[in-house]
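**Q** Starting off with a structure, shown below.
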Amino acid sequence: MAFKDINPHVRFANLLVCPIGFCEGPRKIYDHQFLYVHSGHGLIKIGDNEYEASAGDLFFYSPGLIHTMTADNTNPFVLTGIHFDFTKNHTDKLYPIGPFDLASFRTDNITENIQFLDFGGFKDKVSFQDSSRMRSLIMSIVKEYEDQRRYNQTCLDGYFLAFLGIVARYTIAEDKNSRNDNHLVNEIIEYIQIHYDQDITNKQLADIFHFNPNYLNHIMVIHTGVSLHQYLINTRIRRSLDMLLYTDMSISQVSAAVGFSDIHYFSRLFKQRIGYPPSVVKEYIKPTQ
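Numbering follows full-length UniProt numbering, in which position 2 of the sequence shown is assigned residue number 2; successive positions increment by one, without gaps.
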């Protein structure tokens, strides 16, 4: 499936304060699970790989994969476990299916086996350097699950979809050995967002940020999915759409205001990305005051 087609179903989420001597497994589960470490230490074994676990670490295991969780004897961890499917094909299964022991495991009870067409998959372990954002999102998921208010499943799955996007983005950056480039990419994005109306080239950005233009283009593709030039074009088109919809500026004025010197080139790019030429947006789609 394509990553954009994920329509998740969160089946269970908790906050578990593990006692000294806590050990769960070896076991298998029938759906997918993320395991987040809020505090403390321990060991997580997934398949043949054993990992040290501490605050900010996130673990993932898929259906049918043997795993074990062992808390530290002096500083046991506090965990959140999230059981889920990437689809809504088994929303009738309201709780994680058990038993989980290896002897009782039945392969035909697995809810789904998913492979992504445009994403290499989630890693066994990802460590979040700044865990505050991730922890806040996870606690929102846990609270929605525990409170069981009206429409909670919609909110729960929505929070979790955002969670998946953040983890996938982080995973891709880590796979490309580019986590240290994240700050640089943020600075480039901020610069383009402010100066999109100016004549910006890859060479100029390279001079500003003191890196080779090919390198800057490379890390932009990794972190945004598009080249430097395409990111600039997309930013200009988004800004031009707002101007056409919410100001009285003419098309030529808008074109110049977002950095295009050729109105015909602007109109062609606008139609390619928005689906309508600027004239149609200006005359027929613009909201009435």
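Quick reminder that beta carbons are idealized off the backbone N, C-alpha and C, glycines included. Here the structure is a predicted model, which means the values were calculated and not measured.
1. Contact between the segment 28-36 and the segment 177-196: three or more CB pairs below 8 Å?
2. Provide the residue(s) that pair with Cys23 in DSSP beta bridges, ordered along the chain.
3. Unbroken alpha helix (DSSP H) runs of length 4 or more, entirely within the segment 96-168: which are they?
4. How do the segment 123-134 and the segment 39-56 stand: do at least 3 beta-carbon pairs fall below 8 Å, yes or no?
5. To the nearest angstrom, how far is the alpha carbon of Lys93 from that of Arg11?
6. Decide if the segment 23-33 is in contact with the segment 95-105; the criterion is three or more beta carbon pairs, one per stretch, under 8 Å apart.
7. Quick check on this structure: which residue in Tyr151, Arg268 and Lys125 has the alpha carbon closest to the alpha carbon of Tyr170?
8. What residues in its chain sit with their C-beta under 6 Å from that of Asp72, if we drop five residues either side in the sequence?
9. Just the C-alpha distance for Leu79 and Cys18, rounded to the nearest angstrom, thanks.
10. Exposed or buried, Asn186, counting other C-beta atoms within 10 Å across all chains shown (16 or more means buried)?
11. Can you tell me whether Gly98 is buried or exposed, with buried defined as 16 or more other CB within 10 angstroms of its CB?
12. Please check the pair Ile208 and Asp181, which I expect to be a contact at CB under 8 Å, by giving their CB distance rounded to whole angstroms.
13. Look up Ser255 in the DSSP assignment and say whether it is helix, strand or coil.
14. Where are the alpha helix (DSSP H) runs, 4 residues long or more, that stay fully inside the segment 190-253, in chain order?
15. At the level of alpha carbons, what is the spacing between Ile166 and Leu216?
16. Can you check DSSP and say which residues form a bridge with Glu52?
17. May I ask you to verify whether the segment 234-242 touches the segment 253-267, counting CB pairs closer than 8 Å and requiring at least 3?
18. Restricting to Cα atoms, I'd like to know which of Pro96, Phe119 and Lys282 is closest to Asn109.
19. Closest to Ala173 by C-alpha separation, out of Gln129, Ala256 and Phe60, would be which residue?
20. With respect to the beta strand (DSSP E) encompassing His90, which residues constitute its N-terminal and C-terminal limits?
21. How close, in whole Å, do the beta carbons of Val142 and Leu16 come, if the pair is a contact with beta carbons under 8 Å?
22. According to DSSP, is Pro76 helix, strand or coil?
23. Which of the three DSSP states is assigned to Tyr170 in this structure?
24. Distance, Cα to Cα, Lys282 vs Gln115?
25. Kindly indicate which residue of Phe84, Ala257, Gln253 and Ile189 has the alpha-carbon position closest to the one of Gly158.
26. Considering only their Cβ atoms, is the gap separating Tyr145 from Ala257 smaller than 8 Å?
27. Who are Val17's beta bridge partners in DSSP?
28. Rounded to the nearest angstrom, what separates Pro277 and Thr247 at their Cα positions?
29. Assuming Pro8 contacts Phe86 (C-beta within less than 8 Å), just tell me the rounded distance between them.
30. In this structure, what does DSSP give as the bridge partners for Asp57?
31. With DSSP as the reference, please indicate the residues paired to Val10 in a beta bridge.
**A** Reading it off the structure:
1. no
2. Thr70
3. 132-147
4. Yes: at least three Cβ pairs fall under 8 Å.
5. 8 Å
6. yes
7. Lys125
8. His41 and Gly42
9. Distance between the alpha carbons of Leu79 and Cys18: 7 Å.
10. exposed
11. exposed
12. The pair is not a contact, with the Cβ atoms about 16 Å apart (cut-off 8 Å).
13. In the three-state reduction of the DSSP assignment, Ser255 falls in the helix class, which pools H, G and I.
14. 202-209, 213-224 and 228-246
15. 22 Å
16. Leu43
17. yes
18. Pro96
19. Gln129
20. Taken as a continuous stretch (DSSP letters only), His90 belongs to no beta strand (DSSP E), as it is neither H nor E.
21. 10 Å between Cβ atoms; not a contact.
22. Correct three-state label for Pro76: strand.
23. helix
24. 43 Å
25. Sorting Phe84, Ala257, Gln253 and Ile189 by C-alpha distance to the C-alpha of Gly158 places Phe84 at the top.
26. no
27. Val78
28. 17 Å
29. 6 Å
30. Ser127
31. Phe84
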